[in-house]
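Reminder that position 250 of the sequence shown reads as 297 in the numbering used here, one-by-one numbering, no gaps.
The beta-carbon is built from N, C-alpha and C at its ideal position, and this holds for glycine as well.
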Amino acid sequence: MSSLKEIKNRIASVKSTLKITSAMKMVASAKLHKAQQAVENMRPYEAQLSGMLRSLQSRAGASGSIQRPDVRSGRVAVVAFSSNSSLCGGFNANVIKLAKAKVEELSASCEVDVHSVGRKMAEAMKRLGYVSPEDYTALAAHGGYEGAAALAQKMIDAYTSGTYDEVYLIYNHFISTGVQKPVCERYLPVAEASVASESEGVEYILEPSASELLEELIPKVLRLGVYTVLLDSMASEHAARTVAMQTATDNGENILSELTLEYNKGRQQKITSEILDIVGGSML
């Protein structure tokens, strides 16, 4: 059995840890509320814009896609999102696992460049031999449309120049506070409209032509797509950290309760033993 001094030290240590986990939970919860609002406000706008894109693609036909050289380069890019720090449950582990699987799959038939957005992803990919061409830790920490749009433009330029044949995005999709799902989606080439959108049967007068509108709309949708993914990933991170810190706080409180009970029992035994010693000595 541990001494009372050891139990008391453990109680103090658990109390100190509880202060940290409680504070981190409060901070993560506040950040989650802001990030959740941002991503939920962005999704309808992106969905409407994507719907317009599909409608224009169906009218433009073959010209409704980004033009690039016909010759394949044999290189693909993977843009993988994670956080810069840990203490967020399985958030990083799950998305890193998916990224590794996708990279292994792609590397069997072509060369792969991994653009890691987030320190944890960059470290994991570096161990596999895939060093990120640029440091995106600031983007993962602070977000922002400008940084996301700049990253998107680099991917667009690399695709249109023929450097990359395909570009994939891997990130955690925010579903709810308790559920974040790692997903992998093809970013480039842009998927062609196979089914008419909800505007089917409605004739629009376009000025200028559909193909000219697409030249402006496709880059805008692609830049917005990366920004939405970034917001999605950040909301997922804060949600995962909120749940992880709540779980840690609950576990800490259970341990504290058990230690306090053990300490009180030990103190009672010590007091009883001292009383018995006093009574025994007085009877001699």
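For Q104, the closest C-alpha among the options A94, I265 and M89 is that of I265. CA-to-CA, the gap between L198 and A295 works out to about 36 Å. Taken in chain order, the complete beta strand (DSSP E) segments of 3 or more residues contained in the stretch 190-274 are 213-223 and 226-235. D279 sits in a helix when the DSSP states are folded into three classes. In the DSSP assignment, R122 forms a beta bridge with E158. Taking N301 as the centre and dropping the five residues before and after it, the same chain places no C-beta closer than 8 Å to its C-beta.
CA-CA distance, T275 to S63, rounds to 38 Å. Three or more Cβ pairs drawn from the stretch 118-134 and the stretch 155-168 lie within less than 8 Å of each other, which places the two stretches in contact. Ranked by Cα distance from C231, the options K201, S223 and N219 are led by N219.
Using a Cβ-Cβ distance cut-off of 8 Å, the stretch 311-319 and the stretch 141-160 are not in contact, since fewer than three pairs of beta carbons, one from each stretch, lie closer than that value. For S163, the secondary structure class from DSSP, reduced to helix, strand or coil, is strand. In this structure, A82 places its C-beta atom within 8 Å of the C-beta atom of L278.
In chain order, L264 and V268 place their CB closer than 6 Å to the CB of L100, counting only its own chain and leaving out the 5 sequence neighbours on each side. Residues I217, P229 and C231 of the same chain have their beta carbon placed closer than 7 Å to that of L145, with the five preceding and five following residues left out of the count.
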